[in-house]
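A quick write-up on the structure given underneath.
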Amino acid sequence: MAAAAMAPRHHQFVLLRRVAPVSVSMCVSRWREGASLMRLGIGDYSASAGRRRRRRRGVVRVRAGMDIASAVDVINDLGFDTLTFLGVTVLVVPAFRVLKASPILGFFCAGVVLNQFGLIRNLTDVKLLSEWGILFLLFEMGLELSLSRLKALARYAFGMGLPQVLLSTLAFTAFELPPNGAIGTKILQFLFDSRPDLVNIRSVDEAIVIGAALSLSSSAFVLQLLAEKGELPTRFGSATLGILLLQDIAVVPLLVILPVLESQLGAFLAGAILAETNFRTQIEADIRPFRGLLLGLFFVTTGTSIDMQLLIREWPNVLSLLGGLIAIKTLIITAIGPRVGLTLQESVRIGLLLSQGGEFGFVVFSLANRLGVLPLELNKLLIIVVVLSMALTPLLNEIGRRAAGIIDEKSETKEKPAEMVNYNATEPIVILGFGEMGKVLAKFLSAPLSFGLEKDTEGWPYVAFDLNPAVVKSARKSGFPVLYGDGSRPLVLQSAGISSPKAVMVMYTGKEKTIEAVNRLRQAFPGVPMYARAQDMSHLLDLKKAGATEVVLENAETSLQLGSMLLRGLGVMSDDVSFLSKLVRDSMELQAQEALNNIENKDIDIMKPLELRVSDLVERNGNGSRMIAQEDSLRLRYDFNNIDSEDGVKYCLLEASDDESEASNSSKEMIDQSDDMNT
Numbered sequence: 062m063a064a065a066a067m068a069p070r071h072h073q074f075v076l077l078r079r080v081a082p083v084s085v086s087m088c089v090s091r092w093r094e095g096a097s098l099m100r101l102g103i104g105d106y107s108a109s110a111g112r113r114r115r116r117r118r119g120v121v122r123v124r125a126g127m128d129i130a131s132a133v134d135v136i137n138d139l140g141f142d143t144l145t146f147l148g149v150t151v152l153v154v155p156a157f158r159v160l161k162a163s164p165i166l167g168f169f170c171a172g173v174v175l176n177q178f179g180l181i182r183n184l185t186d187v188k189l190l191s192e193w194g195i196l197f198l199l200f201e202m203g204l205e206l207s208l209s210r211l212k213a214l215a216r217y218a219f220g221m222g223l224p225q226v227l228l229s230t231l232a233f234t235a236f237e238l239p240p241n242g243a244i245g246t247k248i249l250q251f252l253f254d255s256r257p258d259l260v261n262i263r264s265v266d267e268a269i270v271i272g273a274a275l276s277l278s279s280s281a282f283v284l285q286l287l288a289e290k291g292e293l294p295t296r297f298g299s300a301t302l303g304i305l306l307l308q309d310i311a312v313v314p315l316l317v318i319l320p321v322l323e324s325q326l327g328a329f330l331a332g333a334i335l336a337e338t339n340f341r342t343q344i345e346a347d348i349r350p351f352r353g354l355l356l357g358l359f360f361v362t363t364g365t366s367i368d369m370q371l372l373i374r375e376w377p378n379v380l381s382l383l384g385g386l387i388a389i390k391t392l393i394i395t396a397i398g399p400r401v402g403l404t405l406q407e408s409v410r411i412g413l414l415l416s417q418g419g420e421f422g423f424v425v426f427s428l429a430n431r432l433g434v435l436p437l438e439l440n441k442l443l444i445i446v447v448v449l450s451m452a453l454t455p456l457l458n459e460i461g462r463r464a465a466g467i468i469d470e471k472s473e474t475k476e477k478p479a480e481m482v483n484y485n486a487t488e489p490i491v492i493l494g495f496g497e498m499g500k501v502l503a504k505f506l507s508a509p510l511s512f513g514l515e516k517d518t519e520g521w522p523y524v525a526f527d528l529n530p531a532v533v534k535s536a537r538k539s540g541f542p543v544l545y546g547d548g549s550r551p552l553v554l555q556s557a558g559i560s561s562p563k564a565v566m567v568m569y570t571g572k573e574k575t576i577e578a579v580n581r582l583r584q585a586f587p588g589v590p591m592y593a594r595a596q597d598m599s600h601l602l603d604l605k606k607a608g609a610t611e612v613v614l615e616n617a618e619t620s621l622q623l624g625s626m627l628l629r630g631l632g633v634m635s636d637d638v639s640f641l642s643k644l645v646r647d648s649m650e651l652q653a654q655e656a657l658n659n660i661e662n663k664d665i666d667i668m669k670p671l672e673l674r675v676s677d678l679v680e681r682n683g684n685g686s687r688m689i690a691q692e693d694s695l696r697l698r699y700d701f702n703n704i705d706s707e708d709g710v711k712y713c714l715l716e717a718s719d720d721e722s723e724a725s726n727s728s729k730e731m732i733d734q735s736d737d738m739n740t
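So the sequence shown is residues 62 to 740, counted in the numbering used here.
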């Protein structure tokens with residue numbers, strides 16, 4: 062009987078304990094209450110149990126409400142932080158574009174400001190969200206690794222990029238090993254009395270991770286600078302791009318070293334696989350909006366990890382590490398460059414341009430810190446060094462350009478261009494750069510008709526110069542008079558026996574190189590005609606200002622040629638198309654001259670549409686007609702009856718047919734008669 066009575070009591074106690082997580086005393090009290098109610102009757106106990114269940118459900122609802130409220134607070138904080146980051150991004154990107162600086166630097170600065178003023182409520186969750194930016198960064202790096210690009214840049218990628226990454230990693234690792242006795246550690250402790258816990262490297266893994274991360278450079282900063290300067294198509298730009306491409310490949314071993322990076326490695330390999338498919342372009346376009354957003358979030362959160370107090374407190378260590386990073390990478394690249402055919406000037410420029418740290422360094426340092434591979438303060442110190450080195454990229458590029466100029470000037474008296482043979486022409490036409498356009502120009506000048514039908518000659522004498530030994534060798538085999546050397550240097554021309562060139566044709570592709578060549582030769586030969594090619598209207602104005610006699614706008618000429626083909630295909634007469642092309646060229650020249658006269662106003666609309674109408678084409682007696690500017694449309698209207706004699710640009714119509722009424726079947730030629738009309 063007693064055992065039977067105890068069984069339900071024990072069952073009731075277990076039930077209460079399992080339903081409501083309350084204290085032991087409350088459980089005992091409820092057990093006693095249940096026992097007494099059972100003695101009184103089942104109905105009373107059932108009513109009491111129902112009330113208790115309702116109370117328990119009320120407690121659960123309160124607790125659930127509290128959990129929902131806390132979750133809403135977390136979501137609100139995360140949403141507020143995300144909106145804050147987005148707002149900062151909207152402000153930073155246009156501002157730094159106006160300053161002609163990389164938006165990445167702006168993201169870092171924004172992160173520092175947000176962290177210093179405490180505007181971030183839930184930084185941990187935001188950092189987890191920003192790690193998607195790492196995946197997009199590595200995925201896009203994989204997309205850039207197409208075999209065609211690697212094959213085209215293999216000479217520089219494997220000839221310069223591979224030795225640079227290996228030697229830089231070994232150099233940085235050697236400065237950190239062995240633990241507690243590294244050369245770099247001893248230098249910092251001796252010169253700046255650095256704390257051992259800050260600069261000592263505890264293991265080989267730490268040293269390798271730091272060395273490999275610092276060996277990489279910033280693709281975003283460097284490619285932006287090369288694109289702005291128009292130097293991507295040059296040999297200097299190709300060599301730089303090849304090194305950056307190899308550095309992207311070097312990311313794979315780093316991803317394997319750190320065991321937590323399976324997803325990051327997968328993103329990189331997925332991009333590399335898709336780079337060889339037909340979907341690469343579409344994928345790149347589809348992910349671009351998300352990439353910009355998440356990468357911006359990643360760089361802003363990286364900026365929040367910059368400890369300004371640590372920077373102020375440890376500034377001697379920061380400056381020494383920054384100087385060591387720039388010096389080591391510059392020396393290594395400068396030493397490798399001449400071995401793959403680059404000049405010393407180009408090697409110095411590339412070395413300084415790629416001497417900074419890169420975006421992937423942040424990825425490595427942040428993930429290494431999460432794994433405990435690097436101490437927290439050392440990790441923050443390295444991030445500060447990489448950020449500062451990236452901020453100095455424009456300055457390093459300018460220093461490299463000026464250093465190359467100084468080396469160039471000092472070598473003028475010592476360096477003799479290879480095989481400077483006198484081609485029996487003391488005043489030839491000089492062609493600078495012997496690429497595809499240079500070859501076409503050389504063939505054009507070599508034709509007998511270029512000198513005139515009445516002259517019995519083989520064409521105009523010319524000498525071409527190029528700094529690519531392979532180009533020079535190939536051209537010489539084909540019979541072209543091409544010399545190795547920098548033809549923009551007057552001493553090089555003198556060494557070739559050229560006292561005063563008849564004309565100079567600047568065929569370089571790089572903007573800065575073209576402007577520098579025109580400026581230098583104009584100072585040496587004030588009266589020599591100089592002709593150059595421009596990539597855009599701003600480049601054209603700079604060349605005109607430097608002293609170019611005539612400048613051809615490449616894109617405009619291509620558009621005119623294609624437009625002329627289109628009009629002829631639509632049935633417009635060839636003479637009319639030629640006349641229209643001449644009008645457009647003249648208008649562009651006038652607008653360029655107007656902008657050149659107002660050169661300080663760079664925002665002038667120098668490519669505004671020319672709205673013209675040609676009316677009142679004239680009879681054969683030589684009377685002229687006006688070119689009238691209109692605002693609505695560009696059209697040619699022929700009127701043979703009304704002759705307008707007002708001032709303006711005068712043209713003469715010559716007809717081969719006697720029937721003037723059928724103008725469409727006549728052969729017309731427009732000749733500028735403005736001088737005759739004015740007289």
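Every residue, glycine too, gets a C-beta built ideally from N, C-alpha and C.
- Taking a cut-off of 8 angstroms on C-beta distances, the segment 266 to 276 touches the segment 220 to 230, as three or more cross pairs fall below it.
- If you draw a 10 Å sphere on the C-beta of Asn616, you find fewer than 16 other C-beta atoms in it, and that means exposed.
- Judged by DSSP secondary structure, Ile445 falls within the alpha helix (DSSP H) whose first and last residues are 437 to 452.
- Secondary structure at Tyr569: coil, using DSSP grouped into helix, strand and coil.
- Restricting attention to alpha helix (DSSP H) runs no shorter than 4 residues, the segment 563 to 640 encloses them at 572 to 585, 598 to 607, 615 to 630, ordered along the chain.
- Each residue's CA atom was taken as its position, placing Pro587 and Ser561 some 10 angstroms apart.
- Residue burial annotation: Pro489 is buried, with at least 16 other C-beta atoms found within 10 angstroms of its C-beta.
- By the Cβ test, the segment 165 to 176 is not in contact with the segment 324 to 337, since fewer than three Cβ pairs between them sit closer than 8 angstroms.
- Leaving aside the five residues that flank Gly412 on each side, the residues in its chain whose CB is nearer than 8 angstroms to its CB run, in chain order, Lys390, Thr391, Leu392, Ile393, Ile394, Thr395, Gly398, Gly461.
- Put simply, the segment 527 to 545 does not touch the segment 596 to 607. Fewer than three CB pairs are less than 8 angstroms apart.
- For secondary structure counted as the alpha helix (DSSP H) over 4 or more consecutive residues, the segment 201 to 241 holds these complete runs in sequence order: 208 to 213, 223 to 235.
- The beta carbon of Glu292 sits closer than 6 angstroms to the beta carbons of Gly298, Gly571 from its chain, once the five residues preceding and following it are set aside; these are given in chain order.
- Only residues of its own chain outside the window of five on either side were considered, and among them Thr570 have a CB closer than 6 angstroms to the CB of Pro294, listed in chain order.
- DSSP places Ile411 in no beta strand (DSSP E) but in the uninterrupted alpha helix (DSSP H) bounded by 405 to 414.
- The residues Asp527, Val543, Tyr545, in chain order, have a CB closer than 6 angstroms to that of Val533 in the same chain once the five nearest residues on each side in sequence are set aside.
- One thing to note: Val447 has its Cβ within 7 angstroms of the Cβ of Gly418.
- Val579 sits away from Ala595, with the two beta carbons spaced by 7 angstroms or more.
- Look at the beta carbons and you see the segment 215 to 225 touching the segment 301 to 310: at least three pairs across the two are nearer than 8 angstroms.
- For Ile271, the three-state secondary structure derived from DSSP is helix.
- Under DSSP, Leu493 shares a beta bridge with Phe526, Val567.
- According to the DSSP secondary-structure assignment, Leu544 is paired through a beta bridge with Phe526.
- Within its own chain, the residues whose Cβ lies closer than 8 angstroms to the Cβ of Arg158, once the five positions on either side in sequence are excluded, are Pro164, listed in chain order.
- The beta-carbon distance between Val425 and Leu315, rounded to whole angstroms, is 6 angstroms. This is short enough to meet the 8 angstroms contact definition.
- The straight-line gap separating the alpha-carbon atoms of Trp376 and Lys212 is approximately 44 angstroms.
- For Arg296, the enclosing alpha helix (DSSP H) covers residues 296 to 310.
- The Cβ atoms of Gly499 and Met568 sit closer than 7 angstroms to each other.
- Of the other Cβ atoms in all chains shown, fewer than 16 fall within 10 Å of the Cβ of Gln370; this residue is therefore exposed.
- Cβ contact annotation for Ala388 (same chain, cutoff 7 angstroms, sequence separation greater than five): none.
- The three-state reading of DSSP puts Gln417 in coil, since its state is none of H, G, I, E or B.
- Measuring C-alpha to C-alpha distances from Pro590 to each of Lys563, Arg581, Leu614 identifies Lys563 as the nearest.
- Less than 7 angstroms divides the Cβ of Thr145 from the Cβ of Leu180.
- With a threshold of 16 other beta carbon atoms within 10 Å, Thr404 meets it and is buried.
- For Glu289, the uninterrupted alpha helix (DSSP H) run begins and ends at 280 to 290, by DSSP.
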